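Terminal number for the sequence shown in UniProt numbering: 216, no gaps in between.
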Amino acid sequence: MNTNLPQQPLVSIDTVALVLRDGHWSVILGIREFEPYAGQAALPGVLLRPMERLEEAALRALSTKVNVAEESVLFLMNTGAFDNPDRDPRGPTLSIAHVAVIDPEGEPEGVVHHLLTGNVELPFDHSAIVMSAAKAVLDALWINEPLTRALLGEKFSTADVARLMRELSVAALEGEPDTSNLGRELARKPCLAKAGAPAAPVGKGRPAAAWSWASA
């Protein structure tokens, strides 16, 4: 038997849980109970069990690490793998990352939040996972309608879309997006329809247009 074979990496599932809180997008974090990084805030993650599907593990991470119930998860998708052999000081671990959109009304009390645009260094490579998730969501806006609907809700304003785009873009390290013609761009989307009176403006300027989804 060859004892010099490299250690087989474990597979972890780490989930970026996005929730709209106090007018801004935040990431829900859990406090690590054990070493390494005991007592530090990190993404909810679990090791993949035998015969367990990736989505099942991502939902288990949310429920066991940050008490987010499955019915509060509006959308869930895989955002890629992270395979740096040194990402976990305990040994080789392959992380398969997910992003979840959480219903604010189903968010448990007392959880830790990290502003999506905040400059906070998380343990392992979790900061890179958050950045990658923001990029994946930004690229999927409007292409993936269920994801976009989960993020914006059934009715929203041009200002809501601009805020979402800005915070995702900043988190993905892509800088400030150009939203100067955003209202015209939204008006050209066949999936959207004007939704009654314009939303109240924030500060000075014209009221932001209100939108709803054209399809039920």
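Beta carbons: idealized from backbone N, C-alpha and C, even for Gly.
Note that this is a predicted model, so its numbers are computed, not measured.
Quick check on this structure: which residue in the options has the alpha carbon closest to the alpha carbon of residue i?
i           : options               : result
L10         : A162, L48, A61, A171  : L48
L129        : Q8, K155, P92, V16    : The sequence given here has Ile at residue 129, not Leu. Residue V16 is the option with its Cα nearest to I129.
N119        : V101, S212, V27, R21  : V27
residue 220 : A209, P190, M77, A214 : Shown here, the chain extends from 1 to 216; a query on residue 220 therefore has no answer.
V68         : P108, V170, S215      : P108
A97         : A214, E167, G153, L76 : L76
L116        : S215, H24, W211, A187 : H24
L173        : D83, L59, A58, S132   : S132
L168        : D86, V137, T148       : V137
S180        : C191, V170, R163, V99 : R163
Q8          : W213, L94, L141       : L94
R87         : S63, L62, S127        : S127
L182        : S63, M165, D139, G175 : M165
T148        : E176, G175, V170, V99 : V99
H114        : L59, A171, P146, P92  : A171
K189        : L141, S63, P92, E176  : L141
V19         : G153, P177, I143      : G153
P177        : D139, S63, N144, E52  : D139
Can you say whether residue i is buried or exposed, counting buried as having 16 or more other CB atoms within 10 angstroms of its CB?
i           : result
K65         : buried
V112        : exposed
D160        : buried
W211        : buried
residue 217 : Only positions 1 to 216 of the chain appear in this structure, which leaves residue 217 out of reach.
A134        : buried
A57         : buried
A81         : exposed
A61         : buried
A214        : exposed
C191        : exposed
A193        : exposed
Which whole-angstrom value describes the C-beta separation of residue i and residue j, a residue pair presumed to lie in contact below a C-beta threshold of 8 Å?
i           : j    : result
V101        : L151 : 6 Å
R21         : P104 : 7 Å
residue 231 : P50  : Summary: the structure shown does not reach residue 231, with the chain confined to residues 1 through 216, and so no result is reported for it.
G45         : I13  : 6 Å
A195        : K155 : 5 Å
residue 264 : N84  : Residue 264 lies beyond the range of the chain shown here (1 to 216); nothing can be said about it.
P106        : E71  : In the sequence as presented, Pro is not what sits at residue 106; that position holds Gly. About 7 Å; that satisfies the 8 Å criterion.
Closer than 6 Å to a non-hydrogen atom of the ligand ADP - does that hold for the CB of residue i?
i   : result
L47 : Inclusion of the ligand ADP in the displayed structure is not the case, the ligand content being empty and no account of it being possible.
Quiz item: Is there contact here, the region 115-133 with the region 26-44, by at least three beta-carbon pairs under 8 Å?
Solution: yes
Exercise. Note down, one range per segment and in chain order, each beta strand (DSSP E) of at least 3 residues found wholly within the region 85-170.
Key: 93-102, 112-115, 155-157
Exercise. Tell me the start and end of each unbroken beta strand (DSSP E) in the region 13-85 that is at least 3 residues and wholly inside, in chain order.
Key: 24-31, 45-47, 73-82
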